[in-house]
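Residues in the sequence shown are numbered from 127 upward in steps of one, following our numbering.
No residue lacks a Cβ here, since even glycine has one placed at the ideal position from N, Cα and C.
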Amino acid sequence: MSRPVIAVVYDFGSVSPVEAVERLEPLGDVVFAVVDSPHTADIGPLLAELAPGVRVDASTEHGLDAAAAELRRHAPTALLTFSERRLDTTAALAVRLGLPGHTPDTVRLLTDKHAQRRRLAERGVDRVRSHLLRSPADWTAAVAAVGLPAVLKPVRGEGSRSTHLVREAAAGAALAQSLLAVAPDQGGETGLVLEEYLAGTGREPFGDHVSVESAVVDGRVTHWAVTGKFPLVPPFREAGHFWPAPLDADERAAVLDLAARAVRALDVRTGITHTELKLTPHGPRVIEVNGRLGACLGGLSLLAGGPDCVALAARVALGEDPFDADPHPAALARDVTAAWMPQDRVVYARAVPTPVDGGLLTRVNGIRDVLGLPGVQTYDSRVRPGSRVSPDVRTAELALLWGTAGDHAEMVEVLDRALTTLTYTFDDPATGAPGRTLCARDLGEAPAARRATADSPTSPAAAGSPHHRR
């Protein structure tokens with residue numbers, strides 16, 4: 127009997143190409159559908175080494191037709207992506223190949239933030255004030271419809287790109303002007319959405335938001351995890367994730383119910399969803415629903431020692447129902463989180479964010495000391511010394527700290543020590559002049575609020591390898 131063939135539409139996303147091959151090969155033969163992009167051009171030799179590949183020119187219908195014809199030669203039995211920016215390409219190829227997955231109409235609702243808000247309101251799921259801006263002239267009407275404070279974000283985007291909290295109308299108008307006046311390849315946007323700002327409840331040292339991870343097969347929703355978050359780094363940058371989320375029973379039931387209703391409202395029939403929810407004084411509210419696996423979840427599932435969520439995504443794409451033994455088929459959504467999330471410990475991936483003002487990273491100190499802390503398993507370097515970090519408000523990491531703890535309090539205590547120990551030295555990339563040494567804990571602060579931290583001679587540098595393990 128021949129093995130299934132799993133086609134992965136690849137571009138930058140939540141799962142690396144090495145992870146994809148390692149985690150999916152037990153289920154079938156992997157083929158990459160490699161979308162033309164700067165990222166795939168950079169790692170083209172690696173992709174070719176890992177698995178057979180098909181080039182995808184997603185810019186034209188002819189290019190998609192040609193890619194589908196080439197993919198047919200491999201006889202794929204499943205098609206999926208881990209890349210937010212390639213959901214539409216994946217849907218277009220799935221239609222051509224007759225394979226299950228998010229439909230083009232559903233992908234539009236999953237990726238167009240204004241269309242998603244409108245649909246959730248129309249279906250009575252969640253009504254968050256929202257207004258679309260196609261030009262700076264739309265700003266006055268947007269403020270009148272939404273009010274301030276508000277969140278200004280791209281109509282299509284990922285990783286908190288170009289996402290800002292707007293408190294003053296004049297500042298927001300200038301920001302909208304700057305973002306809409308520049309071409310997308312120069313850092314601008316083709317459209318923006320102004321949304322009602324959802325104020326959260328005070329939950330420090332944790333974030334006031336969670337995400338619900340779900341799988342949908344033939345319209346049947348199954349929640350397999352609720353992911354806790356660390357507090358956002360201003361303006362809206364993710365700082366990491368952990369399992370389980372610190373929710374009481376009523377809060378947990380409410381977030382699972384809202385996520386199920388949101389997924390159903392967007393007509394998701396088969397695929398993976400990652401629903402981000404704000405925890406407000408009036409209950410959970412929808413931040414957004416995404417149609418792919420969330421960042422770091424593959425790593426968390428390995429740390430947790432439970433089922434593999436990367437493989438889960440492929441099994442759903444293969445048309446399987448991994449949860450078929452569930453005894454409650456009539457429920458709005460099945461809840462299998464107890465089987466997927468650790469019940470006796472906490473697993474985490476804590477980000478060390480890049481500085482919003484950028485710089486040339488020249489030195490990292492403290493890695494060896496951090497790896498000696500209880501439960502810290504891996505220092506996963508994302509930026510090596512000698513690399514330039516661009517100024518940006520999007521979510522980006524210098525490194526990720528992966529580990530386990532006995533409970534949430536222990537996790538917080540260990541990470542506080544780790545983020546105090548790690549320091550990063552940046553030089554001015556324009557002049558080469560020595561810049562500043564920053565404690566990892568302070569990297570999330572605005573430049574004016576940072577406390578410069580002196581180099582510690584007792585914290586040995588250990589930055590020669592991208593992954594440091596205990």
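Exercise. To which residues does DSSP link I132 through a beta bridge?
Worked result: On the sequence shown, position 6 is the one that residue 132 refers to. Checking the DSSP bridge columns, you'll see I132 partnered with V156, A204.
Exercise. Using a Cβ-Cβ cut-off of 8 Å (strictly less than) and excluding sequence neighbours within five positions of L150, which residues of its own chain qualify?
Worked result: Translated into positions along the sequence shown, residue 150 becomes position 24. Within the same chain, L150 has close Cβ partners I132, V134, V156, V436, A437, A440.
Problem set entry | L602 burial status per 10 Å Cβ neighbour count (16 or more: buried) | Because residue 602 is not part of the residues shown, which for the chain are 127 to 596, the question remains open.
For this session: Classify P500 as helix, strand or coil using the three-state DSSP reduction.
Result: Here residue 500 refers to the residue found at position 374 of the sequence shown. In this structure, P500 counts as coil in the three-state DSSP scheme.
Exercise. So, using beta-carbon positions, are T406 and A276 closer together than 8 Å?
Worked result: In the sequence shown, counting from the first residue as 1, residue 406 sits at position 280. In the sequence shown, counting from the first residue as 1, residue 276 sits at position 150. Against a cut-off of 8 Å, the Cβ pair of A276 and T406 comes out as no contact.
Exercise. Once you ignore the five residues that flank A371 on each side, which residues in its own chain have a CB closer than 7 Å to its CB?
Worked result: Translated into the one-based positions of the sequence shown, residue 371 becomes position 245. The residues are V336, V352, T353, G354.
Problem set entry | Cβ distance (whole Å) where R471 is taken to contact G532 below 8 Å | Translated into the one-based positions of the sequence shown, residue 471 becomes position 345. Translated into the one-based positions of the sequence shown, residue 532 becomes position 406. 6 Å between Cβ atoms; contact.
For this session: Determine the direct distance from the alpha carbon of P357 to that of E145, and round the result to whole angstroms.
Result: In the sequence shown, residue 145 corresponds to position 19, counting from 1. In the sequence shown, residue 357 corresponds to position 231, counting from 1. When rounded, the distance between both Cα atoms is 27 Å.
For this session: Answer yes or no: do T401 and V415 have a C-beta to C-beta separation smaller than 8 Å?
Result: Locating residue 401 in the sequence shown gives position 275, counting from the first residue. Locating residue 415 in the sequence shown gives position 289, counting from the first residue. Result yes, Cβ atoms of T401 and V415 sit closer than 8 Å.
Exercise. If we count Cβ pairs, one from each stretch, closer than 8 Å, do we get three or more for the segment 361-381 versus the segment 473-489?
Worked result: yes
Exercise. Just checking, does the segment 216-223 make contact with the segment 193-202 on the three C-beta pairs under 8 Å criterion?
Worked result: Under the Cβ criterion (8 Å, minimum of three pairs), the segment 216-223 counts as touching the segment 193-202.
Exercise. Are S513 and L487 close, meaning C-beta to C-beta below 8 Å?
Worked result: Here residue 513 is taken as the residue at index 387 of the sequence shown, counted from 1. Here residue 487 is taken as the residue at index 361 of the sequence shown, counted from 1. Going by C-beta atoms, S513 is nearer than 8 Å to L487.
Exercise. Which one or two residues does DSSP pair with V404 in a beta bridge?
Worked result: Position 278 of the sequence shown, counted from the start, is the residue given in the question as residue 404. For the record, residue 404 in the displayed sequence is Lys; it is not Val. For K404, which the question treats as bridged, DSSP gives the partners H335, R411.
Problem set entry | Beta-ladder partner(s) of R329, from DSSP | In the sequence shown, residue 329 corresponds to position 203, counting from 1. DSSP output for R329 lists no bridge partner at all.
Problem set entry | Alpha carbon of H240 to alpha carbon of Y505, nearest angstrom | Taking the first residue of the sequence shown as 1, we reach residue 240 at position 114. Taking the first residue of the sequence shown as 1, we reach residue 505 at position 379. Rounded to whole angstroms, H240 to Y505 spans 38 Å at the Cα level.
Exercise. D311: buried (16+ other C-beta within 10 angstroms of its C-beta) or exposed?
Worked result: Taking the first residue of the sequence shown as 1, we reach residue 311 at position 185. Label assigned to D311: exposed.
Problem set entry | Pairwise C-alpha distance: V147 and H228 | Position 102 of the sequence shown holds residue 228. Position 21 of the sequence shown holds residue 147. Spanning the two alpha carbons is a distance of roughly 22 Å.
For this session: Please name the residue, chosen from P517, D495, D518, T551, that lies closest to L527 on a Cα-to-Cα basis.
Result: Taking the first residue of the sequence shown as position 1, residue 527 is located at position 401. The residue with the shortest Cα to Cα distance from L527 is D495.
For this session: Below 7 Å CB to CB, which residues in the same chain sit around V473 once its five sequence neighbours on both sides are set aside?
Result: Position 347 of the sequence shown, counted from the first residue, corresponds to residue 473. F368, W369, L426, L429, A430, T530.
Exercise. If we ignore side chains and look at the alpha-carbon of each, how far apart do A575 and G492 end up?
Worked result: By one-based count along the sequence shown, residue 575 stands at place 449. By one-based count along the sequence shown, residue 492 stands at place 366. The predicted model places A575 with a pLDDT of 47, which falls under 50 and marks its position as unreliable; any figure quoted below should be read in that light. Each residue's alpha carbon lies about 23 Å from the other.
Problem set entry | Stretch pair the segment 278-285 + the segment 314-323: three plus CB contacts closer than 8 Å | Enough Cβ pairs lie closer than 8 Å, so yes.
Exercise. Taking all protein chains shown into account, do 16 or more other C-beta atoms lie within 10 angstroms of the C-beta of A556, making it buried, or fewer, making it exposed?
Worked result: Walking along the sequence shown from the start, residue 556 turns up at place 430. Label assigned to A556: exposed.
Problem set entry | V394 beta carbon less than 8 Å from that of V254 | Your numbering for residue 254 matches position 128 in the sequence shown. Your numbering for residue 394 matches position 268 in the sequence shown. Cβ atoms of V254 and V394: not closer than 8 Å.
Exercise. Between the segment 136-143 and the segment 202-214, do three or more beta carbon pairs fall short of 8 Å?
Worked result: yes
For this session: Check I493 in the structure and name its three-state DSSP category.
Result: Along the sequence shown, one-based indexing puts residue 493 at 367. Residue state, collapsed to three classes: helix.
Exercise. Which word fits G273, buried or exposed, when buried means at least 16 other C-beta atoms lie within 10 angstroms of its C-beta?
Worked result: Working through the sequence shown from its first residue, we reach residue 273 at position 147. With fewer than 16 neighbouring CB atoms inside 10 Å of its own CB, G273 falls in the exposed class.
Exercise. Which residue comes first and which comes last in the alpha helix (DSSP H) that contains T237?
Worked result: As a working note, residue 237 is residue 111 in the sequence shown. Its alpha helix (DSSP H) spans residues 230-237.
Problem set entry | G432 versus A421 - alpha carbon distance | Here residue 432 refers to the residue found at position 306 of the sequence shown. Here residue 421 refers to the residue found at position 295 of the sequence shown. Their backbone Cα atoms lie some 17 Å apart in a straight line.
Exercise. When the distance is taken between beta carbons, is V182 closer than 8 Å to A159?
Worked result: Here the question's residue 159 lines up with position 33 in the sequence shown. Here the question's residue 182 lines up with position 56 in the sequence shown. Yes, Cβ-Cβ distance for A159 and V182 is below 8 Å.
Exercise. By a C-beta neighbour count over all protein chains shown, 10 Å radius and 16 as the cutoff for buried, is E248 buried or exposed?
Worked result: Indexing the sequence shown from 1 puts residue 248 at position 122. Exposed: under 16 other Cβ atoms inside 10 Å.
For this session: Please name the residue or residues paired with H240 in a DSSP beta bridge.
Result: Within the sequence shown, numbered from 1, the residue matching residue 240 stands at position 114. H240 pairs with nothing; no bridge assigned.
Exercise. For the putative contact between V180 and T215, defined by C-beta atoms under 8 Å, what is the C-beta separation to the nearest angstrom?
Worked result: Position 54 of the sequence shown holds residue 180. Position 89 of the sequence shown holds residue 215. About 12 Å; that fails the 8 Å criterion.
Problem set entry | For F332, the nearest candidate out of Y550, D553, V538, L545 (CA to CA) | Stepping through the sequence shown from its first residue, residue 332 is reached at position 206. Looking at the Cα atoms, V538 is the closest of the given residues.
Exercise. CB-CB under 8 Å to E536, same chain, minus the five flanking residues each way: which ones, in chain order?
Worked result: Your numbering for residue 536 matches position 410 in the sequence shown. Taken in chain order, the residues that qualify are V472, P500, G501.
Problem set entry | Between the CA atoms of D542 and S591 - distance to the nearest angstrom | As a position in the sequence shown, residue 591 is number 465, starting the count at 1. As a position in the sequence shown, residue 542 is number 416, starting the count at 1. The predicted position of S591 is uncertain, since its pLDDT is 34 and thus under 50; a value taken from the coordinates is nonetheless stated next. The alpha-carbon atoms of S591 and D542 are separated by roughly 24 Å.
Exercise. If we call anything under 8 Å between Cβ atoms a contact, is A295 one with V269?
Worked result: What you label residue 295 is simply residue 169 of the sequence shown in a count that begins at 1. What you label residue 269 is simply residue 143 of the sequence shown in a count that begins at 1. V269 is positioned such that its CB atom lies closer than 8 Å to that of A295.
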